[in-house]
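**Q**
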């Protein structure tokens, strides 16, 4: 997979579908998938349905909408806030469990420096990330359960009961 669009310093898109909460590496950066969406081709927005069907007979790539995955950049490989941003065309590789564990432990200690940013940006995604880390790092489950309880409390606080 490759980066097809850079939306901001901490957000980019990839052509294809990746499960929400999947950690990836783009060069020196660690990111997590945040959203999967479909996008119709521009031509189908402006033509009638019949015209689009005739064009699709000759251009089969218009037959299906494109699927994109939006990613949020979490940190660089040294567990710092990202100082660079991905470039269009950069290779995106899905991290295996060992890579995720390595990225989130520093000197034998749990390191999640992006958590405050992620909680401000998207609490639901933060919950998914913490649950994934809890399953991968059972020795830190107690700490991650406390963080997860705080995230769920902040989600409930937003709801008017």
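In the numbering used here, the protein residues as written are 1 to 161.
Backbone N, C-alpha and C define an ideal beta-carbon position, used for all residues, glycine too.
Values in this document were obtained by computation on a predicted structure and should not be read as measured data.
Which class does residue 54 belong to by DSSP, given the choice of helix, strand or coil?
**A** helix
**Q** In the DSSP assignment, what residue or residues form a beta bridge with residue 34?
**A** Its beta-bridge partners do not exist; DSSP assigns none.
**Q** So, helix, strand or coil for residue 94, using DSSP?
**A** Strand.
**Q** CA-CA distance, residue 65 and residue 54?
**A** 16 Å
**Q** Among the candidates 31, 39, 76, whose CA atom is the shortest distance from the CA of residue 92?
**A** 31
**Q** With distances taken from CA atoms, which of 127, 140, 89, 13 is nearest residue 104?
**A** Relative to residue 104, the option among 127, 140, 89, 13 whose CA is nearest is 140.
**Q** What residues in its chain sit with their C-beta under 7 Å from that of residue 136, if we drop five residues either side in the sequence?
**A** 97, 100, 101
**Q** Just to confirm the assignment, what range does the alpha helix (DSSP H) spanning residue 13 have?
**A** It is not in any alpha helix (DSSP H) - residue 13 instead sits in the beta strand (DSSP E) that spans 11 to 15.
**Q** Can you tell me where the alpha helix (DSSP H) holding residue 156 begins and where it ends?
**A** 141 to 158
**Q** Do residue 73 and residue 10 have their beta-carbon atoms positioned less than 8 Å apart in this structure?
**A** Result yes, Cβ atoms of residue 10 and residue 73 sit closer than 8 Å.
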